[in-house]
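Just add 153 to the spot in the sequence shown (first one is 1) and you have our numbering. Please read the structure below before turning to the comments.
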Amino acid sequence: MEGTSRWKPFPVWPNSKFCEDIERILANLRRENEEINRKLKELHTHPPEPIADIQKPYIRNSEEFEKFVEESTIRNKKLIKDLELSSARLRSRAVYSPTEDALERAKVKLLRSNETGPPLDYSFKSLSSIEELKMQRPRRGVKRYRKASTGRYNCTALRLNNNQLVSVHGIHAVAYQLLEHPETLTWLDLSFNRITVVPPEITSFNALKILYLHGNQLSDLNSTIRPLKCLEELYSLTLHGNPLEERKGYRARVLVNLPTLKSLDFNNVTSADRKRVIARQEAASAKSTGRCRLSAFD
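See the structure below:
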């Protein structure tokens, strides 16, 4: 239905309803067991005597006791079945619901996101190497930067655009010195530099969603795309203004290799783009099949 979500919020752990059910069933079991033990104690306290006048009452009491035991056994079996069912439900909740540790981690993550400051801006600093970041201070913006107790910055975005960077080797180590949580970096701006190669270490930023590489000197499309395939969260990429943009079928080739992209060069990926990607894949598949047939005839 429109306006409704298939996902529902997790219940608070532990689930009080299931706990109450189990406590109620266990209480009933305890009462039944106490009653059985009491009857057994009475039977052992007053054993049967070999007298005809007393034997009949004993037989009558013994039959009543056996009947009581049979009924109690049936009731207990039902109670145990209910208990097992409630326990199974409780275990399933434990599997599919967040534990206390998971809830605590989610709480910490939420608090951390609320404490995140603005993008760390090192643009227009005339930087020629990544190592120079250690000796520079970020540009001041409208919002104040937020620092952790360690002295590192709390932010999820890093701007290194409009510098003289030829290479970004060492960016992983520098990010761990500057950022409190570099593993949460989601936006990296390396536009308008002189970068010629995208280093494999950029894949260490697993949470990266936005990457700007436009206005550089990237010429090899394959070597540029190869490390970006490991960024599963990446949905926005810019590569325009590089020599590789002149390659035939540039946009389609990028989208074929990076199917998670929703935006390329500040243009949304449309259904027409998807159709061209599918056509390109089918053509490549047909071409490889034709080669196989020719090699078979040879």
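Just so you know, even glycine gets a beta-carbon here, dropped at the ideal spot from N, CA and C.
Distance, Arg177 Cα to Leu238 Cα
Counting from 1 along the sequence shown, the entry for residue 238 is found at position 85. Counting from 1 along the sequence shown, the entry for residue 177 is found at position 24. Rounded to whole angstroms, Leu238 to Arg177 spans 14 Å at the Cα level.
Tell me whether Gly294 is buried or exposed, calling it buried when 16 or more other Cβ atoms sit within 10 Å of its Cβ.
Looking up residue 294 in the sequence shown gives position 141. Result: exposed.
Suppose contacts are defined by Cβ-Cβ distances below 9 Å. Is Ser344 in contact with Gly368 by that definition?
Locating residue 344 in the sequence shown gives position 191, counting from the first residue. Locating residue 368 in the sequence shown gives position 215, counting from the first residue. Contact: yes.
Hey, how far is the Cα of Lys440 from the Cα of Leu390?
The count along the sequence shown starts at 1 and reaches residue 440 at position 287. The count along the sequence shown starts at 1 and reaches residue 390 at position 237. Distance between the alpha carbons of Lys440 and Leu390 is about 29 Å.
Secondary structure at Tyr538, three-state DSSP: helix, strand or coil?
Since the first residue shown for the chain is 154 and the last is 451, residue 538 is missing from the structure and cannot be characterised.
Please name the residue in Leu408, Ile431, Ala432 and Arg433 whose C-alpha comes closest to that of Asn421.
Along the sequence shown, one-based indexing puts residue 421 at 268. Cα-wise, what sits closest to Asn421 is Leu408.
For Arg312, count neighbouring C-beta atoms within 10 Å of its own C-beta (all shown protein chains included) and say buried if the count is 16 or more, exposed if not.
For this step, residue 312 is matched to residue 159 along the sequence shown. Answer is buried; the Cβ neighbour count reaches 16.
Should Ala436 go down as buried or exposed, given a rule of 16 or more other Cβ atoms within 10 Å for buried?
The residue labelled residue 436 in the question sits at position 283 within the sequence shown. So Ala436 counts as exposed.
Do Tyr298 and Pro271 have their C-beta atoms within less than 9 Å of each other?
Position 145 of the sequence shown holds residue 298. Position 118 of the sequence shown holds residue 271. A contact, by the Cβ cut-off of 9 Å.
Buried or exposed: where does Met154 fall if 16 or more other Cβ atoms within 10 Å of its Cβ makes it buried?
Here residue 154 refers to the residue found at position 1 of the sequence shown. Here Met154 scores only 44 on pLDDT, less than 50, and its place in the model should not be relied on; the value that follows carries that caveat. Result: exposed.
Please report the distance separating the alpha-carbon of Glu354 from that of Lys234.
Taking the first residue of the sequence shown as position 1, residue 354 is located at position 201. Taking the first residue of the sequence shown as position 1, residue 234 is located at position 81. When rounded, the distance between both Cα atoms is 56 Å.
State yes or no: is the C-beta of Phe277 nearer than 8 Å to some heavy atom of the ligand GDP?
Ligands in the displayed structure: none, and consequently the ligand GDP is not present.
Starting from Ser376, trace the alpha helix (DSSP H) both ways and give me its first and last residue.
Position 223 of the sequence shown, counted from the start, is the residue given in the question as residue 376. Here the alpha helix (DSSP H) through Ser376 covers Leu374 to Leu381.
Rounded to a whole number of angstroms, what is the C-alpha to C-alpha distance between Ala360 and Ser438?
Translated into the one-based positions of the sequence shown, residue 360 becomes position 207. Translated into the one-based positions of the sequence shown, residue 438 becomes position 285. Computed Cα separation, rounded: 32 Å.
DSSP state of Ser438 mapped onto helix, strand, coil:
Position 285 of the sequence shown holds residue 438. Three-state result, Ser438: helix.
Looking at the unbroken alpha helix (DSSP H) that takes in Tyr298, where does it start and where does it end?
Residue mapping note: residue 298 aligns to position 145 of the sequence shown, counting from 1. Element bounds for Tyr298: n/a, residue is neither H nor E.
Compute the Euclidean distance between the alpha carbons of Ser416 and Thr303, then round it to the nearest angstrom.
As a working mapping, residue 416 is identified with position 263 in the sequence shown. As a working mapping, residue 303 is identified with position 150 in the sequence shown. In a straight line, the C-alpha of Ser416 is about 36 Å away from that of Thr303.
For Ala432, which residues in the same chain have their Cβ closer than 6 Å to its Cβ, ignoring the five residues on either side in sequence?
For the purposes of this step, residue 432 is identified with residue 279 of the sequence shown, where counting begins at 1. Answer for Ala432: no residue qualifies.
Could you tell me whether the Cβ atoms of Leu366 and Thr356 are closer together than 9 Å?
Counted from its first residue, the sequence shown places residue 366 at position 213. Counted from its first residue, the sequence shown places residue 356 at position 203. Result no, Cβ atoms of Leu366 and Thr356 do not sit closer than 9 Å.
Name the residue from Thr269, Ile283 and Val319 whose alpha carbon lies nearest to the alpha carbon of Ala301.
By one-based count along the sequence shown, residue 301 stands at place 148. Minimum Cα distance to Ala301 is reached at Thr269.
Could you spell out the range, first to last residue, of the beta strand (DSSP E) harbouring Gly364?
Here the question's residue 364 lines up with position 211 in the sequence shown. Residue identity check: residue 364 is Leu in the sequence provided, not Gly. Note, Leu364: beta strand (DSSP E), Ile363 to Tyr365.
Are Ile363 and Val321 touching if we call contact CB-CB under 9 Å?
For the purposes of this step, residue 363 is taken as the residue at position 210 of the sequence shown. For the purposes of this step, residue 321 is taken as the residue at position 168 of the sequence shown. No, they are not a contact pair.
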